[in-house]
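Engineer: Here it is, the structure, as structure tokens.
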Amino acid sequence: MTNHADTAESQVLLKIEHLRKAYGDNVVLKDINLEVHKGEVIVIVGPSGCGKSTFLRCINALEPIQGGSVVVDGVSVHDKGTDLAQVRQKLGMVFQSYELFPHMTVLDNVALAPIVVQKRKKEIAQDEAKFLLKRVGLKDKKDSYPRQLSGGQKQRVAIVRAMAMHPEIMLFDEVTAALDPEMVREVLDVILQLAKEGKTMLIVTHEMSFARAVADRVLFFDGGDIVEEGIPEEFFEHPKTERAQKFLRTFEFDAVRHHESHA
Amino acid sequence: MELLGLDVLFMGSNAMRLLGGLWVAARISLLSILISIPLGLLFGVLMTSKNVIVRALCRFYLEVVRIMPQLVLLFIVFFGATRALGVNISAELSSIIVFVFWGTGELGDLVRGALTSIPKHQYESAEALGMSKKQVYLRIIIPQAIRRLIPNSISLATRMVKTTSLVLMIGVVEMMKVGQQIIEATRMTSPNAVFGVYGTILLLYFIICWPISMLAGRLEKKWGTN
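If you're matching them up, the sequences are chains S and B in order.
With our numbering applied, the first sequence covers 1 to 263.
With our numbering applied, the second sequence covers 1001 to 1226.
Listed below in structure tokens is the structure:
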């Protein structure tokens, strides 16, 4: 299921070197190095509190960093003179808690940033918003308010809202973690579709079978470090490090049912 | 009519005088509310300041507003200012000063509440879309804060209207005072006037405050979040 295995020669969109993030003495990310090529889908897994969400937030400078660099399409994100508004347009982010704007209709949620940030014509931005909403099956919801939508619908709108900015890279921060199980699928299907279209993505998730299906590369974070890295088949079948093995075991269950034994 | 004491309303110009009193009450509350709005907004923003001293001063002011009964404030300003400062402030101006002092504090606290109730993630998701600080505030934060603010500030406005019934204590001839005068003047001829006059005043306050309350309720419904 890997889509862009031949990434070696393609363009590096995101380059992270020696990224360090700490809150006082509490080091959250130790020394992260990563190169993401155009069209690559990177899935980040790891136990809670391992720094994977913080990592995504450092990429688009929602969190300041204490060392190293993040370079998006040639622009160093954390440099003083960087026009953050400009860089962030290249990075579409989707949050766990959707964070739609509650005072706007679905259509306005999607079309707002293209209109006010990218100065696109209102009609054009709205037409594109409608087109994108249709693609995720929410054409009829364009005039609804976020409070009238289910969690899965809200998250699909949030994805569309990020897509409407035509970002180079999409960042997904545990986007299904707050959803009821039956709604997880509809959101993951949208992301899978994006992967098929060759979108460059960094995905933090706890959905292991999804990770396996969508990833070109899996990063295993633990204790603020990338402990293991590999293609999904390798990582999920034969994890090399003990910590990864232990982590993956937490997703398995042993049957507790007593087999009929007439002793 | 006589049993309910409503007859006095039709004697002489009593009805008109009562409405005149209503206008005084309405004028005091309207002016106070209009002045309190900009001051309250400013005070609310000050309350969210990062400066500890500014916040402490704001807190102190707000506590004074909350703890002091409005009647005491009225006496302090009207009688106290004359004695202590030697300035002669009219009763109506004193009332407006007290009501603005009160309205600014309470509205400021509502503004503070509305601003701080917007989740941090709303700022972040707007910033992540590439919006500038100004765009984030103008498009995302302030519209939401206003929606959260309006129902409560409307109910504050109705409280201010109702509380004008206290200003007769410093000699403002508003509706309550006019009512008392009518009752006094007709004590012998219409002993039931107490009921009729105060009943009418109740109705007049109701007629002013009820639509305001209804509006608050409707806005709350319309703008309910989540």
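Note that beta-carbon positions come from the ideal geometry of N, C-alpha and C, so glycine has one too.
1. Does B/ILE1140 have its Cβ less than 8 Å from a Cβ in chain S?
2. Hey, how far is the Cα of B/LEU1073 from the Cα of B/ARG1027?
3. Measure from the C-beta of S/THR2 to each C-beta in chain B and report whether the shortest distance is under 8 Å.
4. Name the DSSP bridge partner or partners of S/ASP222?
5. With a 10 Å radius around its C-beta and 16 neighbouring C-beta atoms as the bar for buried, classify B/CYS1202 as buried or exposed.
6. Pull out every residue of the segment 1121-1133 of chain B whose Cβ sits closer than 8 Å to any Cβ of chain S, in chain order.
7. Cβ of B/PRO1143 less than 8 Å from any chain S Cβ?
8. With S/VAL179 and S/GLY152 assumed to form a contact (beta carbons below 8 Å), what rounded beta-carbon distance in angstroms separates them?
9. My output table needs one value for B/ILE1028: the three-state DSSP class, helix, strand or coil.
10. Please report how far the alpha carbon of B/ARG1148 lies from the alpha carbon of B/ASP1109, in whole angstroms.
11. Shorter than 8 Å from the beta carbon of S/ARG212 to some beta carbon of chain B?
12. Anything in chain B within Cβ reach of S/MET93, meaning under 9 Å, just list it in chain order.
13. Measure the alpha-carbon distance for S/ALA164 versus B/VAL1111 and round it to whole angstroms.
14. S/ARG212 bridges to which residues according to DSSP?
15. Could you list the residues in the segment 1142-1163 of chain B with a C-beta less than 7 Å from some C-beta on chain S, going in chain order?
16. Select from the segment 45-65 of chain S all residues with a C-beta closer than 9 Å to any C-beta belonging to chain B, and list them in chain order.
17. Is it the case that the Cβ atoms of B/LEU1022 and B/LEU1204 are separated by a distance below 8 Å?
18. Whose C-beta lies closer than 8 Å to the C-beta of B/ASN1226 among residues of the same chain, with five residues either side of it excluded?
19. Identify the continuous beta strand (DSSP E) that holds S/ARG20 and give its terminal residues.
20. Please state whether DSSP places S/PHE247 in a helix, a strand or coil.
21. Label B/ILE1207 either buried or exposed according to how many other C-beta atoms from any shown protein chain fall within 10 Å of its C-beta, with 16 as the threshold for buried.
22. DSSP state of S/SER69, grouped into three classes?
23. With distances taken Cα to Cα, identify the nearest neighbour of S/LEU269 among S/PHE247, S/SER10, S/CYS58 and S/ILE42.
24. Identify every run of the beta strand (DSSP E) within the segment 1102-1157 of chain B, keeping only runs that are complete inside it and at least 3 residues long; order them along the chain.
25. Within 8 Å (strictly less), CB to CB, does B/ASN1226 reach chain S?
Structural biologist: This is what the structure holds:
1. Chain S contact via Cβ: present.
2. If I take the Cα positions, the gap works out to 19 Å.
3. Because S/THR2 sits at a pLDDT of 47, beneath the cut-off of 50, its placement in the model cannot be relied upon, and the point is left open.
4. As a beta-bridge residue in DSSP terms, S/ASP222 pairs with S/ASP225.
5. Going by the sequence as given, residue 1202 of chain B is Leu instead of Cys. Under this definition B/LEU1202 is an exposed residue.
6. Going along the segment 1121-1133 of chain B in chain order, one finds HIS1121, GLN1122, GLU1124, SER1125, ALA1126, GLU1127, ALA1128, LEU1129, GLY1130, MET1131 and SER1132 with a Cβ nearer than 8 Å to chain S.
7. Contacts with chain S at 8 Å (Cβ-Cβ) include B/PRO1143.
8. The question names Val, but residue 179 of chain S in the sequence shown is Leu. Confirmed, Cβ separation roughly 6 Å.
9. Helix, per DSSP.
10. Spanning the two alpha carbons is a distance of roughly 12 Å.
11. False, the Cβ-Cβ gap to chain B never drops below 8 Å.
12. Taking the beta carbon of S/MET93 as reference, the chain B residues within 9 Å of it are GLU1124, SER1125, ALA1128 and LEU1129, listed in sequence order.
13. Going from the Cα of S/ALA164 to the Cα of B/VAL1111 covers about 33 Å.
14. In the DSSP output, where bridge partners are listed per residue, S/ARG212 has none listed.
15. Here the close residues are PRO1143, GLN1144 and ARG1147.
16. Within the segment 45-65 of chain S, the qualifying residues are ARG57, ASN60, ALA61 and LEU62.
17. A contact, by the Cβ cut-off of 8 Å.
18. Interpretation of B/ASN1226 is limited by its pLDDT of 40, a score under 50 that renders its predicted location unreliable; no figure is taken from the coordinates.
19. Counting along the chain, the beta strand (DSSP E) containing S/ARG20 begins and ends at 12-23.
20. S/PHE247: helix per DSSP, three-state reduction.
21. The residue in question, B/ILE1207, is exposed, as its Cβ has fewer than 16 Cβ neighbours within 10 Å.
22. Shown here, S/SER69 sits in a strand according to DSSP, grouped into three states.
23. Lying before the first or after the last residue shown, residue 269 of chain S is absent from chain S, which here runs from 1 to 263.
24. The DSSP assignment places no complete run of the beta strand (DSSP E) inside the segment 1102-1157 of chain B (cut-off: 3 residues).
25. With a pLDDT of 40 at B/ASN1226, under the threshold of 50, the predicted position of this residue should be treated as unreliable, and no value is reported.
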